[in-house]
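Chains as they are written, first to last, in the numbering used here: chain A, 6 to 248; chain B, 6 to 248.
Glycine residues also receive a C-beta, built at the ideal position from the N, C-alpha and C atoms.
Comments concern the structure below.
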DNA sequence: CGCCAAGTTGAGAGCATTCAACCAGAGTGG
DNA sequence: CCACTCTGGTTGAATGCTCTCAACTTGGCG
């Protein structure tokens, strides 16, 4: 399986690609690189010359504050390019790290510029990818803000489950969740202890439960209702569960 | 003064433009439209065929939840195109409204596509604009999450002041603030009452104060320290105060 | 003058944090 | 094989931040 396949799966989940676009993507020079759990690929303040295609594993972007506190601003699944934005903004304002061990493929910015110059449509698709990234950020602002902890956690689980399903990771209402409760908490701005209690509540209410690090959707409609979740912001061409 | 001037000022604050790019921008067909305070230009769920250049006044994007609660996810000053993203993602996942009365210039997506097709660099600059938008979202996630209320408010004021200064609205450490305390609160996920108390605290600590809706920076370094503010994420070519 | 939006202040309730203890399972080294 | 350690998860109790409710002030405007 070629390194680029994860990217094709992801991009075809959000847009239509022509044969020419697929061939251009296949022509990208991609260098594999293995990351250890917790290893930072792009630290805050750096000026990347490459972007990373996540092939296997999970990554997160996080902001580190002066007092040592951390805020996770995004999670990433295979097929995504978490630092695509570095193509047009020079300096990293956050750290991009592997959460669990991860395999990435680094792509030189010049390579990306080459294929974009040859296909305006491909440029638009990649632009679109960064815009969906931004749409997710908007939801996360609300997760951390007005949406309470319970709704915020439910919303995060809805989102992750659908994204996992779009790349074929989640089946039969369950998904091998690659994040700890502490990490889920850091994403919605609560402590690991509180995250634990909130998850317990979601289980008691019969919405969703995490057991031995696999997420079980007990009742999608209930989870969705608690979250106030509307999947359109993910801009997936097919939304499997949200019918 | 041409309608497009605000856009030129903004884009030249974040990137270099060639004469050709300026001419292309000047060729955009822009329809002026006046908005009343609180009027929604693009409601959540709509499918815009135009984007709006904000010429005068202020706008905000907000998410409305099922229980009627609102979260403001961004503020916009003249020169910005708050719904540029609708060029590549069809459906609005939030509402774009005027905060105070505002003058916008609507630009058909086809017009934007025309100039982008003629200048790859201009396309890159507009892409960059949406990426900076996303960088601001990331900070707002943290404002609403791990950063406490005091630091969050301080961070928001730092950001708004620098953005206002970049377009010449703020002078002499003071800025005619177009937002109410309630709106500032809705942006960092706190109530207007708490926002009031936090602002009082920022004044007592000698960092910043809002008097008769003008923001006074009492001590930039103190405000910056409280916020843990680092201006690089705004990607302004010149950062006036942050020396 | 009266109304209304915005701001200010106080008090009590509730949610989330911190501190602290403890459990379970995986991996390590003797 | 078994202690030992470490990470992740679970639970309780006290503290404290933020919300809600409520009252009151101020300034602008018809």
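**Request:** Within the stretch 42-85 of chain A, note down every full alpha helix (DSSP H) run reaching 4 residues or more, in order along the chain.
**Result:** none
**Continuous alpha helix (DSSP H) stretch holding residue 164 of chain A: start and end** = 154-171
**Request:** Residues of the stretch 124-140 of chain B with a CB closer than 8 Å to any CB of chain A: list them in chain order, please.
**Result:** 125, 128, 129, 132, 133, 135, 136, 137, 138, 139, 140
**Message:** So with CB distances below 7 Å, who are the chain B contacts of residue 229 of chain A?
**Reply:** The contacting residues do not exist; residue 229 of chain A stays about 11 Å from chain B at best.
**Request:** Report the residue from A:92, A:168, A:112 whose alpha carbon sits nearest the alpha carbon of residue 135 of chain B.
**Result:** A:92
**Message:** Taking only three categories from DSSP, how would you classify residue 185 of chain A?
**Reply:** coil
**Prompt:** At what residues does the beta strand (DSSP E) containing residue 39 of chain B begin and finish?
**Reply:** 35-40
**Item:** Coarse secondary structure for residue 23 of chain A, derived from DSSP in three states
**Value:** coil
**residue 123 of chain B to residue 229 of chain A span [Cα, whole Å]** = 44 Å
**Message:** Using CA atoms only, rank isn't needed, just tell me which of A:170, A:194, A:221, A:70 is closest to residue 82 of chain A.
**Reply:** A:170
**Item:** Proximity test, Cβ basis, 9 Å: residue 85 of chain A and chain B
**Value:** no
**Asked** So with Cβ pairs under 9 Å, would you call residue 143 of chain B a contact of chain A?
**Response** yes
**Request:** Would you tell me roughly how many angstroms separate the C-alpha atoms of residue 107 of chain B and residue 155 of chain B, rounded to the nearest one?
**Result:** 30 Å
**Request:** Just confirm the distance between the C-beta atoms of residue 38 of chain A and residue 111 of chain A, as a whole number of angstroms; I'd bet it's less than 8 Å.
**Result:** 6 Å
**Request:** May I ask you to verify whether the stretch 145-154 of chain B touches the stretch 216-226 of chain B, counting CB pairs closer than 8 Å and requiring at least 3?
**Result:** no
**Asked** Beta-carbon separation of residue 62 of chain B and residue 40 of chain B under 9 Å?
**Response** yes
**Request:** Give every residue of the same chain whose Cβ lies closer than 8 Å to the Cβ of residue 121 of chain A, excluding the five residues on either side of it in the sequence, and list them in chain order.
**Result:** 127, 128, 131
**Prompt:** With respect to the alpha helix (DSSP H) encompassing residue 111 of chain B, which residues constitute its N-terminal and C-terminal limits?
**Reply:** Premise fails: residue 111 of chain B lies in the beta strand (DSSP E), 107-113, not in any alpha helix (DSSP H).
**Request:** Mind checking the stretch 170-184 of chain B against chain A and listing, in chain order, the residues whose C-beta falls within less than 7 Å of any C-beta there?
**Result:** none
**Request:** Report yes if the C-beta distance between residue 46 of chain B and residue 141 of chain B is below 9 Å; otherwise report no.
**Result:** no
**Message:** Could you tell me the alpha carbon to alpha carbon distance between residue 143 of chain B and residue 33 of chain A, rounded to whole angstroms?
**Reply:** 29 Å
**Message:** Which same chain residues end up closer than 8 Å to residue 172 of chain B when comparing Cβ atoms and leaving out the 5 residues on each side of it in sequence?
**Reply:** 11, 14, 15, 18, 82, 83, 84
**Request:** Determine the contact status of residue 203 of chain A and residue 195 of chain A, defining contact as a CB-CB distance below 9 Å.
**Result:** yes
**Prompt:** Should residue 50 of chain B be labelled buried (16 or more other beta-carbon atoms within 10 Å of its own) or exposed?
**Reply:** exposed
**Item:** When B:227, B:234, B:79 are compared against residue 212 of chain B, the one with the closest alpha-carbon
**Value:** B:227
**Item:** Contact set between residue 70 of chain B and chain A, taken where Cβ atoms lie within less than 9 Å
**Value:** 147, 151, 152, 156, 233
**Message:** Could you tell me the alpha carbon to alpha carbon distance between residue 248 of chain A and residue 235 of chain A, rounded to whole angstroms?
**Reply:** Bear in mind that the predicted position of residue 248 of chain A carries a pLDDT of just 39, short of 50, making it unreliable; the figure below should be weighed with that in mind. Rounded to whole angstroms, residue 248 of chain A to residue 235 of chain A spans 11 Å at the Cα level.
**Item:** Where residue 248 of chain B sits in the DSSP three-state scheme
**Value:** Bear in mind that the predicted position of residue 248 of chain B carries a pLDDT of just 39, short of 50, making it unreliable; the figure below should be weighed with that in mind. It is coil, neither helix nor strand.
**residue 53 of chain B burial status per 10 Å Cβ neighbour count (16 or more: buried)** = buried
**Asked** What residue range is occupied by the uninterrupted beta strand (DSSP E) comprising residue 103 of chain A?
**Response** 100-103
**Prompt:** Quick one: Cα of residue 95 of chain B to Cα of residue 67 of chain A, how far?
**Reply:** 29 Å
**Prompt:** What is the DSSP secondary structure of residue 241 of chain B, reduced to helix, strand or coil?
**Reply:** coil
**Prompt:** What did DSSP end up calling residue 219 of chain A once you bin it into helix, strand or coil?
**Reply:** strand
**Asked** So with Cβ pairs under 9 Å, would you call residue 122 of chain A a contact of chain B?
**Response** yes
**Prompt:** Between residue 8 of chain B and residue 56 of chain B, is the Cβ-Cβ spacing less than 9 Å?
**Reply:** no
**Asked** Which residues share a DSSP beta bridge with residue 179 of chain A?
**Response** A:176, A:221
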